[in-house]
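S.K.:
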């Protein structure tokens, strides 16, 4: 089940910004809620984990 998460810090790589601060993104929790597979801009999918600087998980 996907949920929405607020990005708290831009996530960038050399080719651009894929998760923007203050925007909501859909994510699928896994690992007993300790991690979330986040779906960003232009089809980017990244796993973020509890304690991340980018999302409160």
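Numbering (my numbering), first residue to last: 5 to 61.
Ideal placement from N, C-alpha and C gives every residue a C-beta, glycine not left out.
Going along the chain, which residues of its own chain have a beta-carbon closer than 7 angstroms to the beta-carbon of residue 24, five neighbours each way excluded?
M.R.: Counted from its first residue, the chain shown places residue 24 at position 20. Around residue 24: 11 and 14.
S.K.: Taking only beta-carbon positions, decide if residue 42 is within less than 8 angstroms of chain B.
M.R.: In the structure shown, chain B cannot be found, because there is only a single protein chain.
S.K.: For residue 44, which three-state DSSP category applies?
M.R.: Locating residue 44 in the chain shown gives position 40, counting from the first residue. Of the three classes helix, strand and coil, the one that applies to residue 44 here is coil, per DSSP.
S.K.: Can you say whether residue 28 is buried or exposed, counting buried as having 16 or more other CB atoms within 10 angstroms of its CB?
M.R.: Translated into positions along the chain shown, residue 28 becomes position 24. Flag for residue 28 reads exposed.
S.K.: Can you give the Cα-Cα distance for residue 40 and residue 51, rounded to whole angstroms?
M.R.: Position 36 of the chain shown, counted from the first residue, corresponds to residue 40. Position 47 of the chain shown, counted from the first residue, corresponds to residue 51. Taking the straight line from one Cα to the other gives about 6 angstroms.
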